[in-house]
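full-length UniProt numbering numbers the first residue of the sequence shown as 1 and each following residue consecutively.
Ideal Cβ placement from N, Cα and C applies to all residues, glycine included.
Since the structure is predicted, the reported quantities are computational estimates derived from the model, not experimental observations.
Down below is the structure, laid out as structure tokens.
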Amino acid sequence: MTVHAFLLLAAALFALGFFGALSKRNTVIVLISIELMLNAVNLNLVAFSKFGVNPAITGQIFSLFSITVAAAEAAVGLAILIALYRNKATVQVEDMNEMKG
């Protein structure tokens, strides 16, 4: 496989995630779309670390860091979503327009 195949796959994943994040009303789908975009970035990091001008492991390390941050983001996002669902009984984005303590 060449780096072009990885870049095309990552571009397709990022475009799909971007479309989902902007067009869907369900908050869970928006979170999944953000994860899809982060995974596209991770794929690019690993592809460039393997096929780049100076192949090294730094891209893979950055990818692991990104996966860790994405897992924390998903946990916090789902916790906020559950708290909002308990108060409003909906997961629609347009109904979640206020953040009160």
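> Helix, strand or coil: how does DSSP classify Asn39 here?
Replying inline: helix
> Nearest to Ser66 by alpha carbon, out of Ala15, Asn87, Leu8 and Glu35?
Replying inline: Glu35
> Is it a yes or a no for the segment 83 to 100 touching the segment 48 to 65, going by three-plus beta-carbon pairs under 8 Å?
Replying inline: no
>> Our contact map puts Ala47 next to Phe6 with C-beta atoms below 8 Å; I'd like the distance itself, whole angstroms only.
In response: 4 Å
> Taking Cβ positions, are Leu22 and Ala40 nearer each other than 9 Å?
Replying inline: no
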